[in-house]
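Following: one structure in structure tokens, then a few remarks.
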Amino acid sequence: MKRFLPPLVSALTLALLASAQAAPAFQLVLKASEQKIQKGEVTTHPITKTWTVPAQHVARTKKYGKVTSNLTPLLNQIERQVNARKPLPATFRNVKGSWIATDQNGWTFDRDGTKANLLKAIKSGKGTAQVAYKLNKPQRSVQLLAQRGVLWHVATGSSSYAGSPAFREKNILVGASKLDNFFIAPGHVFDFNEEIGQIDASTGFVKGFVISGGTLAKEDGGGICQVSTTIFRGLYKAGLPIVERHEHSHRVKYYDPVGFEATVYAPAKNLRMKNDTGKHLFIQAGWDRSAQTLRFDVFGANTGRTVNISKPVITNFKAAKKPSYTADQSVRPGARRLLDTPMQGMTSVLTRTIKQGGKVISKDTLKSVYEPWGAVYGVHPKDKRLK
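Per mature numbering (1 follows the signal peptide of the UniProt record, and there is no 0), the sequence shown runs over residues -22 to -1, 1 to 365.
Pasting the structure below:
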């Protein structure tokens, strides 16, 4: 009877296996770094990512003097993971009460460069090789913020738009998004109407109620004054001098505390404030739709200024006016819908005191005179109460 013996394992295979078992794990290493801003300082933080090259593939590469096709799956995996990292612009976020600015560099995998590094390292008997890649920096980096002196959180302006109808919230968010992540150069006068641009359907705004002719009327952008008021509060608290600011013709509940607001109506009324800090200012917008709150955070240099704003002193109260009516397609004939509540007339005065080194360097007042306002009701367009 003939006996069949298993095929003999080649000497080359045995040698490769022995070499693979003896060799330590070979690593492909990606090294990078990123910066962050915290408490006025820029720090650099290393990033390291590693991938293990199977020992048998290292042995084959060394034997044949080239990167073999066995490594293609690993290189494909590294390429996917490296290329998945996209550049992200620098932004500040509040982490447990401390404002930190971070960005993210994007990476593009360099396959040929990585293969060359790998082959060179294996031939020289090293245990690691560098992953080659191209760095894709964001347009707005932490480095740019630092170069422009934007190192500190300076002030926050906030407001509540609770109870706002859908059209109003829509316009608030569209307007706020146009003022998110932008710089105000030193010596530059921030111009609200210029920054917001055209207010109509082509720029994302919808029709909503605005104050017009002693009552309410529908126009594009109703509610935009929530945005102007909120950013005004932030810049005013940062100590910036006012170039142009207007109050509403009557008190509006969305803008309490009374008088701490700014209305706009292009081109007649605008909000303009000058950056006198000597460095760039950087503005970030934020909102919470569930709480219906809006905020603008102001970042810049540490000027050493402290700003105190008093509570409003309110005088000259006047009784509210009689109600008025405006056309509203959503109201059935004979019915009415309350659009705005009556408000007394009054005068509000806030005082801002700016100190530097413990000494008062500026003191100003913010005076707002409000006319009496009657309730406004929406009625059917053919209602006889419309005049």
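Cβ atoms here follow ideal geometry from the backbone N, Cα and C, with glycine treated the same way.
- [ ] Mind checking which residues open and close the alpha helix (DSSP H) that includes H228?
- [x] Locating residue 228 in the sequence shown gives position 250, counting from the first residue. Premise fails: H228 is in no alpha helix (DSSP H) and is neither H nor E.
Task: Spatial distance of R314 from V128 (CA atoms) - done: Counted from its first residue, the sequence shown places residue 314 at position 336. Counted from its first residue, the sequence shown places residue 128 at position 150. CA-to-CA, the gap between R314 and V128 works out to about 52 Å.
Open item on the list: Rounding to the nearest angstrom, what Cα-Cα distance links S180 and G200 in this structure?
Closed with: As a first step, residue 180 must be located in the sequence shown, where it is residue number 202. As a first step, residue 200 must be located in the sequence shown, where it is residue number 222. The alpha-carbon separation between S180 and G200 amounts to approximately 15 Å.
TODO: Can you say whether Y42 is buried or exposed, counting buried as having 16 or more other CB atoms within 10 angstroms of its CB?
DONE: To locate residue 42, count along the sequence shown from 1; it is residue 64. Classification of Y42: exposed, given that the 10 Å Cβ count is below 16.
TODO: Check whether the segment 185 to 194 touches the segment 205 to 225, counting contact only when three or more Cβ pairs, one atom from each stretch, lie closer than 8 Å.
DONE: By the Cβ rule, the segment 185 to 194 does not count as touching the segment 205 to 225, because fewer than three pairs are nearer than 8 Å.
Open item on the list: Tell me the rounded alpha-carbon separation between D169 and N159.
Closed with: Numbered from 1 along the sequence shown, position 191 holds the residue referred to as residue 169. Numbered from 1 along the sequence shown, position 181 holds the residue referred to as residue 159. Distance between the alpha carbons of D169 and N159: 15 Å.
Task: Burial state of V242 (16 or more Cβ within 10 Å) - done: Locating residue 242 in the sequence shown gives position 264, counting from the first residue. When all chains shown are included, V242 counts as buried.
Task: Buried versus exposed, by CB contacts within 10 Å (16 or more), D342 - done: Within the sequence shown, numbered from 1, the residue matching residue 342 stands at position 364. Within a 10 Å sphere around the beta-carbon of D342 sit fewer than 16 other beta-carbons, which makes this residue exposed.
Task: Between the CA atoms of K247 and S119 - distance to the nearest angstrom - done: Start at 1 with the first residue of the sequence shown, and residue 119 comes out as number 141. Start at 1 with the first residue of the sequence shown, and residue 247 comes out as number 269. Counting only the Cα atoms, K247 lies some 35 Å from S119.
Task: Spatial neighbours of V167 in its chain, beta-carbon cut-off 6 Å, leaving aside the 5 residues before and after - done: Looking up residue 167 in the sequence shown gives position 189. Closer than 6 Å at the Cβ level, and outside the excluded window around V167, lie V221, R250, K252.
TODO: Give me the Cα-Cα distance between G335 and T134, rounded to the nearest whole angstrom.
DONE: Taking the sequence shown and counting its residues from 1, the one referred to as residue 335 is at position 357. Taking the sequence shown and counting its residues from 1, the one referred to as residue 134 is at position 156. Taking the straight line from one Cα to the other gives about 22 Å.
Open item on the list: Could you check whether M321 and W351 sit closer than 7 Å to each other, using their CB atoms as the reference points?
Closed with: If you number the sequence shown from 1, residue 351 lands on position 373. If you number the sequence shown from 1, residue 321 lands on position 343. Contact: yes.
Open item on the list: Determine whether the beta carbon atoms of V230 and A154 lie at a separation below 7 Å.
Closed with: Numbered from 1 along the sequence shown, position 252 holds the residue referred to as residue 230. Numbered from 1 along the sequence shown, position 176 holds the residue referred to as residue 154. Cβ atoms of V230 and A154: not closer than 7 Å.
Task: Distance between L8 and F(-19) (C-alpha atoms, nearest Å) - done: Counted from its first residue, the sequence shown places residue -19 at position 4. Counted from its first residue, the sequence shown places residue 8 at position 30. Note that F(-19) scores a pLDDT of 46, beneath 50, so its modelled location is shaky and nothing firm can be said.
- [ ] With DSSP as the reference, label P51 as helix, strand or coil.
- [x] Counting from 1 along the sequence shown, the entry for residue 51 is found at position 73. Three-state DSSP puts P51 in a helix.
Task: Three-state secondary structure assigned by DSSP to A246 - done: As a position in the sequence shown, residue 246 is number 268, starting the count at 1. In the three-state DSSP reduction, A246 falls in the coil class, being neither helix nor strand.
Task: Residues near G84 in its chain [Cβ-Cβ closer than 7 Å; skip 5 each side] - done: In the sequence shown, counting from the first residue as 1, residue 84 sits at position 106. Cβ contact annotation for G84 (same chain, cutoff 7 Å, sequence separation greater than five): R63, K64, P65, N114, in chain order.
Open item on the list: Among the candidates K40, L49, I56, whose CA atom is the shortest distance from the CA of W29?
Closed with: Here the question's residue 29 lines up with position 51 in the sequence shown. Among K40, L49, I56, the Cα nearest to that of W29 belongs to I56.
Open item on the list: Given a cut-off of 7 Å on the beta-carbon distance, is the pair A124 and V285 in contact?
Closed with: By 1-based counting over the sequence shown, the position of residue 124 is 146. By 1-based counting over the sequence shown, the position of residue 285 is 307. Not a contact, by the Cβ cut-off of 7 Å.
Task: Residues bridged to R283 (per DSSP) - done: Counted from its first residue, the sequence shown places residue 283 at position 305. Listed as beta-bridge partners of R283 by DSSP are Q334.
Open item on the list: Output needed for V(-14): all residues of its chain with C-beta closer than 7 Å, excluding positions within five of it in sequence on either side, in chain order.
Closed with: Counting from 1 along the sequence shown, the entry for residue -14 is found at position 9. Summary for V(-14): the model assigns pLDDT 48, below 50, so the residue's position carries little reliability, and this model does not support an answer.
Task: Beta-carbon gap between residue 368 and S138 smaller than 7 Å - done: This structure gives no information on residue 368, because the portion of the chain shown stretches from -22 to 365.
Task: When I332, T293, V338, G356 are compared against R310, the one with the closest alpha-carbon - done: As a first step, residue 310 must be located in the sequence shown, where it is residue number 332. For the options I332, T293, V338, G356, the alpha carbon positioned closest to that of R310 is the one of G356.
Task: Selection from F183, V338, A305, I209 that minimises the alpha carbon distance to K362 - done: For the purposes of this step, residue 362 is identified with residue 384 of the sequence shown, where counting begins at 1. Comparing C-alpha distances from K362 to each of F183, V338, A305, I209 shows the shortest one belongs to A305.
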